[in-house]
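*Asks:* Sequential numbering from 1436 applies to the sequence shown in my numbering.
Note that beta-carbon positions come from the ideal geometry of N, C-alpha and C, so glycine has one too.
Everything numeric in this text was worked out from a predicted model, so none of it was measured.
Before I ask anything, here is the structure I am working with.
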Amino acid sequence: MEEITGLLIGASDSAIAALVEVARDGPPHNRVTAAIQLLKLGRQFYSDDLLEGQVLDRIAALESDAAESKDAPG
């Protein structure tokens, strides 16, 4: 069981690192999507109501930005 847990943690760390890389250096739409996924992952680890509201507000704002960047010409 410990080995499986270690593998899952390693995979999670790799996935988070990949999302951070895309959020920093990817194309605009992919950066927004990666940021949303990072916020959603973070949301799973924090249950504080104030933080939860802030995260949900930020996700909504990023999703709105993503929709606008998809619709923008070019």
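Note down the Cα distance separating ALA1469 from LEU1491, rounded to an integer number of angstroms.
*Replies:* Rounded to whole angstroms, ALA1469 to LEU1491 spans 15 angstroms at the Cα level.
*Asks:* Measuring CB to CB, does LEU1454 end up less than 8 angstroms from LEU1474?
*Replies:* In this structure, LEU1474 does not lie closer than 8 angstroms to LEU1454 by Cβ.
*Asks:* Given a cut-off of 8 angstroms on the beta-carbon distance, is the pair LEU1463 and SER1499 in contact?
*Replies:* First, the residue type needs correcting, since residue 1463 is Pro and not Leu in the sequence shown. Result no, Cβ atoms of PRO1463 and SER1499 do not sit closer than 8 angstroms.
*Asks:* Are VAL1457 and LEU1497 closer than 8 angstroms when you measure CB to CB?
*Replies:* It is not a contact, given that the beta carbons lie outside the stated cut-off.
*Asks:* Rounded to whole angstroms, what is the Cα-Cα separation between ALA1495 and ALA1501?
*Replies:* Taking the straight line joining both Cα atoms gives about 10 angstroms.
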